[in-house]
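Right, one structure below, let's go through it.
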Amino acid sequence: MSKVMIIGAGGVGGVVAHKCAQLPEVFSDIILASRTESKCKKIAAQLSRPIRTAQVDADNVPELTALLQAEQPELVINVALPYQDLSIMDACLAAGVNYLDTANYEPRDTAKFEYSWQWAYQDRFADAGLTAILGSGFDPGATNIFTAYLARHYFDEITELDIIDVNGGDHGYPFATNFNPEINIREVSAECRHWENGEFVTTPPMSTQARFECPEGVGSYDIYRMYHEELESLSTHFPGLKRAQFWMSFSENYLTHLEVLNNVGMTSIEPVEYEGHKVVPIQFLASLLPDPSTLGPRTKGKTCIGCMVRGIKDGKERLMYIYNISDHQACYREVQSQAISYTTGVPAVIGAKMILEGYWREPGVWNVEQRDPDPFMADMNELGLPWTVVELDPGFRLDIVKGQD
Ligand code: NDP
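In structure tokens:
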């Protein structure tokens with residue numbers, strides 16, 4: 001029985017609020033706080049039991065600290081934007097509250113993804129006796145747990161990892177992003193980095209492409225290699241990994257729009273002067289695109305996100321694939337949201353449950369793969385993200401159609 005504060009009332013915040021409300025035995029008291037309180041109230045009105053809402057600017061540490069001190073929740077679930085991670089961690093330390101998020105800190109003015117800023121809080125959280133869990137969404141999140149689970153139960157050592165994120169959903173818009181447009185476009189237009197023999201190798205964005213046949217009839221998709229933040233923590237925590245890559249599916253239509261927007265400068269994070277105002281092109285573009293939290297009713301199709309892990313067991317090479325398939329419309333029926341927000345929000349709730357139930361409670365700052373994967377995996381099956389493990393022929397390789405292997 002615990003009090004929890006959810007910060008952020010976007011697509012993911014909505015799912016987290018729905019799921020926490022479904023589990024009163026764990027989350028007995030819920031406060032949904034965000035910059036725009038009307039969005040919190042709109043979500044609260046959809047829920048099966050009453051929750052409270054609050055207005056807070058999470059960039060403002062004293063303001064957030066005061067709210068946390070007044071409410072004294074046991075845990076903050078941060079599903080605002082990556083820009084707020086450090087200020088929310090600071091406020092949690094000041095008010096003595098545990099912390100969990102789904103995306104690593106990014107400075108607003110540099111598209112730079114790395115954990116160093118948050119890992120630097122290790123001693124402060126440890127000294128305060130507080131637990132901070134980083135990256136408990138799907139990717140990062142479930143994908144890290146999948147890797148840790150396979151490493152523990154199927155291998156003596158893991159040597160190669162391919163995280164494959166396919167979204168076979170269609171929302172019917174010419175161009176829209178499935179989560180916060182600014183964060184999404186910063187991520188997909190960044191240079192690709194993958195882990196190879198002890199270092200990150202940089203290649204141009206979208207320059208390596210493969211064709212991937214999803215299981216269970218989800219279909220065959222073009223996937224592109226890109227940088228994703230879990231590569232940093234997984235290559236650190238599984239030092240035997242010789243190669244780690246992240247792949248995401250994109251339609252030709254999405255990539256054409258992105259290329260044009262890039263070419264005309266609309267994805268830039270550098271402010272430009274327009275009629276006496278400073279405008280950040282990517283923020284202006286984000287304001288024109290559909291709000292991801294409104295895509296739910298229109299999105300049809302399935303997601304298939306998983307990890308292909310190669311390694312050694314009893315002296316022999318082995319290849320395992322673990323995945324979850326989620327259906328956009330089924331997610332919408334359950335929590336009024338499409339599957340991207342659903343697959344992010346549910347692992348955030350499970351991670352929160354792990355802290356509150358004590359499985360993951362240990363003072364310090366942890367990536368999810370550093371905690372026990374087993375109770376988390378059991379809850380995924382119970383709480384809407386069932387997973388399947390299959391063994392593949394170790395001779396299997398991804399079908400590279402463009403760029404280098
Ligand atoms: P949205 O843009 O839909 O929602 C973000 C919410 O945060 C909004 O309610 C926004 O308020 C609020 N917010 C922004 N700034 C502040 C602030 N200073 N103070 C208080 N609240 C603030 O994003 P999503 O729901 O799509 O994504 C949420 C998080 O989930 C992001 O960090 C994203 O990177 C992460 N994510 C992680 C994934 C994973 O698998 N690990 C996958 C997808 C997303 P307002 O309404 O006023 O703008």
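In full-length UniProt numbering, the protein residues as written are 1 to 405. Cβ atoms here follow ideal geometry from the backbone N, Cα and C, with glycine treated the same way.
Is the Cβ-Cβ distance between residue i and residue j less than 8 Å?
i, j, result
"Cys304", "Ile322", "no"
"Pro386", "Arg152", "no"
"Leu295", "Asn184", "no"
"Gly276", "Glu334", "no"
"Leu93", "Leu68", "no"
"Ala286", "Glu182", "yes"
"Asp393", "Gly301", "no"
"Tyr173", "Ala132", "no"
"Phe175", "His257", "yes"
"Met320", "Glu391", "yes"
"Val4", "Gly345", "no"
"Glu369", "Asn60", "no"
"Leu231", "Phe250", "no"
"Ala190", "Tyr227", "yes"
"Gly137", "Ser337", "no"
"Thr147", "Cys307", "yes"
"Arg225", "Cys192", "yes"
"Leu241", "Ser233", "no"
"Ile88", "Ala58", "yes"
"Leu47", "Val56", "no"
"Gly265", "Pro281", "yes"
"Arg186", "Ala111", "yes"
"Pro363", "Tyr332", "no"
"Gly10", "Asn263", "no"
What distance in whole Å lies between the Cβ atoms of residue j and residue i, which are believed to be in contact at a cut-off of 8 Å?
i, j, result
"Ile269", "Met248", "That pair is no contact at about 20 Å."
"Leu398", "Asp162", "6 Å"
"Pro73", "Ile31", "7 Å"
"Leu356", "Leu75", "6 Å"
"Glu160", "Arg318", "The pair is not a contact, with the Cβ atoms about 11 Å apart (cut-off 8 Å)."
"Phe113", "Glu229", "5 Å"
Buried or exposed: where does residue i fall if 16 or more other Cβ atoms within 10 Å of its Cβ makes it buried?
i, result
"Leu134", "buried"
"Tyr115", "buried"
"Gln118", "buried"
"Ser28", "exposed"
"Ser220", "exposed"
"Pro347", "buried"
"Asp139", "buried"
"Ile400", "exposed"
"Met1", "exposed"
"Ser341", "buried"
"Gly96", "exposed"
"Gly8", "buried"
"Phe396", "exposed"
"Phe284", "exposed"
"Val201", "exposed"
"Tyr274", "exposed"
"Ala142", "buried"
"Asp123", "exposed"
"Gly168", "buried"
"residue 413", "As displayed, the chain neither begins before 1 nor continues past 405, which places residue 413 out of reach and without an answer."
"Ala339", "buried"
"Asp109", "exposed"
Based on the DSSP secondary-structure assignment, which residues constitute the bridge partners of residue i?
i, result
"Phe27", "Ser2"
"Asn324", "Ile305, Trp387"
"Lys112", "Partner(s): none; Lys112 has no beta bridge."
"Ile77", "Ile6, Leu100"
"Ile164", "Trp247, Gly306"
"Ile158", "Gly311"
"Asn367", "Leu134"
"Leu319", "Arg310, Leu392"
"Phe200", "Trp195"
"Ala33", "Ile7, Ala54"
"Asp222", "Arg211"
"Ile282", "For Ile282, which the question treats as bridged, DSSP gives no partner whatsoever."
"Asp170", "Lys300"
"Tyr274", "His277"
"Ile400", "Ala210"
"Gly345", "Beta-bridge pairing links Gly345 to no other residue."
"Gly358", "The partner list for Gly358 (beta bridge, DSSP) is empty, contrary to what the question assumes."
Quiz item: Below 8 Å, can you find three or more Cβ-Cβ pairs linking the segment 99 to 106 to the segment 68 to 84?
Solution: yes
Quiz item: Touching or not, the segment 341 to 354 and the segment 30 to 38, by the rule of three or more beta carbon pairs under 8 Å?
Solution: no
Self-check item: Segment contact, 8 Å Cβ cut-off, at least three pairs: the segment 309 to 316 with the segment 142 to 159
Solution: yes
Self-check item: Inter-stretch contact (C-beta, 8 Å, three-pair minimum) for the segment 282 to 298 and the segment 201 to 209
Solution: no
Quiz item: Three or more C-beta pairs closer than 8 Å, one from the segment 13 to 24 and one from the segment 49 to 66: is that the case here?
Solution: yes
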